[in-house]
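Student: Residue numbers (full-length UniProt numbering): 1 to 600. Below is a structure I'd like to ask you about.
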């Protein structure tokens, strides 16, 4: 290096850097009593020569080394030559140049390192930019992939939705087609049935005429007939006994029914002779029903007439009882004159009431529960004796209730559910005329108010109603097991404040309202042959809720109710024809009432 070259100049002295001077070579000794003329006066006559600093590359001078060796061996003081000012200046210049070269080399190395750092930084920036571009490209690629996946998913969803809509439309079209075909089949079957029934009726009438001819020929000479009833002999004309076709007396006289004979060969009936006397007197003069002294005799007379198959009125009696006309609670009662197709007033109830339960038992109307002018739930029962035309008090319910359902099964009247003023009830009780009291039964599975009830298949059915929300569920009660059973066959529509009826061994439910306050006109029929499903039949002409419903011959009769206004109109439905016809309007519009049929 340049420092090594500068230090190897002839006669130059090596110095120890950095720090203070340690040696000045060759070793210098001052003569006694004199002062050195050099730059430095040593403190002793012996100096130790140190090695030159390796960082400057200064090599020792040979002459100085020899002088130092002689001085160390005792050969006498060596002559010391002090460096001149020029030499010292050269030495300083060499040091300066050496340091300058070192600084330049350091700067060069720093510049090279800086250049290297710059290149590394540039390479890092380039790598960073490349990695960022790759990241951006990857991100864009992933975004494009997600967008494509989303587009494909949207297309699949749209395709699935179109397919579902198409399948739904196809299913709806198939359902409509199946329904049309089923209705055609039902209509054709109904027509065949009507033709067969008409053919059977003609054959039956022909057979009846032939039987009548033979019977009349056999008993042509018997104008008077003796009959033994409870040991009392009654004698009447044959015409009197055969006045009502289909009765037990008519069938006995014509030979279609057999009866035991007494010792004299007379027909013997083991019945109450006093009751039979009243009925026989009515057959002699059917212009008015037989009188009765009290309620007990009236009930016994009705039961005896029912046993003999004798009717005191030529047509069934349909009573419209109680309800609300939009302004007041009603006690008014009216009865349908079937022959003249009009309504006639009859004796009102003792207590105005609405939303009550009612049934017919042994030719009596039983009305129980409901609400009155104070809008409280009632537990009182009223009974109407249709034969005497009078109202009387009956046994009170165990639990006051309004909006309850009711039905009659096997000679017992059921009060089902309802509202007692604080809660909706699942409680059920039954009236037994033999005990003359109400007895609690097993409760329903669901509390119900404004439900519909009827009998079907020897069981008690309860349908719809409300239990906080309006229902379309059904359940039935088996009186033999004494248990309620919830059914899987829910109605098609939610129904509360509707009605149910058993007509020609078919279960029907109709009218009412749903969760959205829509009043129904629809009619559903229970189809046990199709796994217990429900099917729609022809709807009523007028939507109704809180209306009355009753059976009349082979038809379902509905009347009154409300739909925006209180109704007085009536309608009749014939299941065989699946057709509705309007009937005579009631005298008073009413809702929350009952229609009750009595065959008396």
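All C-beta atoms in this analysis are idealised placements derived from N, C-alpha and C, irrespective of residue type, glycine included.
Three or more beta-carbon pairs under 8 Å between the stretch 292-301 and the stretch 239-256, yes or no?
Tutor: Touching, no.
Student: For a test of the three-state rule: what should DSSP assign to residue 39, helix, strand or coil?
Tutor: Any reading at residue 39 is ruled out, since the residue's pLDDT is 37, under 50, leaving its predicted position unreliable.
Student: For residue 375, which of helix, strand or coil comes out of DSSP?
Tutor: The answer is coil: DSSP assigns residue 375 none of H, G, I, E or B.
Student: Looking only at its own chain, which residues have a Cβ that is under 7 Å from the Cβ of residue 562, when we skip the five neighbours before and after it?
Tutor: Hits under 7 Å: 545, 546 and 591.
Student: Excluding the five sequence neighbours on either side, which residues of its own chain have a C-beta within less than 7 Å of the C-beta of residue 363, listed in chain order?
Tutor: The answer, listed in chain order, is 302, 386, 387, 598 and 600.
Student: According to the Cβ coordinates, are residue 433 and residue 411 closer than 9 Å?
Tutor: Contact: yes.
Student: My output table needs one value for residue 417: the three-state DSSP class, helix, strand or coil.
Tutor: Three-state result, residue 417: strand.
Student: Is residue 404 near residue 443, with beta carbons less than 9 Å apart?
Tutor: Not closer than 9 Å, so no.
Student: Skipping 5 residues on each side, what residues in its chain have a beta carbon closer than 6 Å to that of residue 283?
Tutor: Cβ neighbours of residue 283 beyond the five flanking positions: 240 and 243.
Student: Does DSSP classify residue 118 as helix, strand or coil?
Tutor: Helix.
Student: Let me check one thing: in DSSP terms, what residues is residue 329 bridge-paired to?
Tutor: Answer is 324, bridged to residue 329.
Student: What residue range is occupied by the uninterrupted alpha helix (DSSP H) comprising residue 307?
Tutor: Here the alpha helix (DSSP H) through residue 307 covers 295-308.
Student: To which residues of the same chain is residue 96 closer than 7 Å at the C-beta, ignoring the five residues directly before and after it?
Tutor: Counting only Cβ-Cβ distances below 7 Å, and skipping sequence neighbours, we find nothing.
Student: Apart from the five residues on each side of it in sequence, which residues of its chain come closer than 6 Å, Cβ to Cβ, to residue 139?
Tutor: Nothing listed; no residue qualifies.
Student: Report the residue ranges of all beta strand (DSSP E) runs contained in full by the stretch 188-256; include only those spanning at least 3 residues, in chain order.
Tutor: Listed in chain order, they are 224-229 and 232-237.
Student: For residue 401 and residue 367, which I take to be in contact (beta-carbon distance under 8 Å), what is that distance rounded to the nearest angstrom?
Tutor: About 13 Å; that fails the 8 Å criterion.
Student: Considering only C-alpha positions, which residue in the set 552, 330 and 166 is nearest to residue 341?
Tutor: Comparing Cα positions, the closest option is 552.
Student: Determine the closest residue to residue 431 out of 575, 205, 360 and 250, with distance taken between C-alpha atoms.
Tutor: The option with the nearest alpha carbon to residue 431 is 360.
Student: In terms of residue numbering, what span does the beta strand (DSSP E) encompassing residue 398 cover?
Tutor: Taken as a continuous stretch (DSSP letters only), residue 398 belongs to no beta strand (DSSP E), as it is neither H nor E.
Student: Which residues does DSSP pair with residue 484 in a beta bridge?
Tutor: Looking at the DSSP assignment, residue 484 forms a beta bridge with 477.
Student: Using the beta-carbon count (16 or more within 10 Å), is residue 154 buried or exposed?
Tutor: Counting Cβ neighbours within 10 Å, residue 154 comes out exposed, since fewer than 16 surround it.
Student: With distances taken Cα to Cα, identify the nearest neighbour of residue 511 among 348, 276 and 558.
Tutor: Nearest C-alpha to residue 511: 558.
Student: On the DSSP bridge list, what partners appear for residue 438?
Tutor: Bridge partners of residue 438: 431.
Student: Under a three-way DSSP split, which group does residue 494 fall into?
Tutor: If DSSP states are grouped into helix, strand and coil, residue 494 belongs with coil.
Student: Going by C-alpha to C-alpha distance, which of 327, 174, 338 and 323 sits closest to residue 348?
Tutor: The candidate whose alpha carbon is nearest that of residue 348 is 323.
Student: Roughly how many angstroms separate the alpha carbons of residue 164 and residue 176, rounded to a whole number?
Tutor: If you take the alpha carbons of residue 164 and residue 176, they lie about 18 Å apart.
Student: With a threshold of 8 Å, are at least 3 pairs of Cβ atoms found where one atom belongs to the stretch 272-289 and the other to the stretch 502-518?
Tutor: Output reads no: the stretch 502-518 does not touch the stretch 272-289.
Student: Thinking residue 602 and residue 369 are a contact (beta carbons under 8 Å), I'd like their distance in whole angstroms, please.
Tutor: Nothing in the structure corresponds to residue 602, since the chain is present only between 1 and 600.
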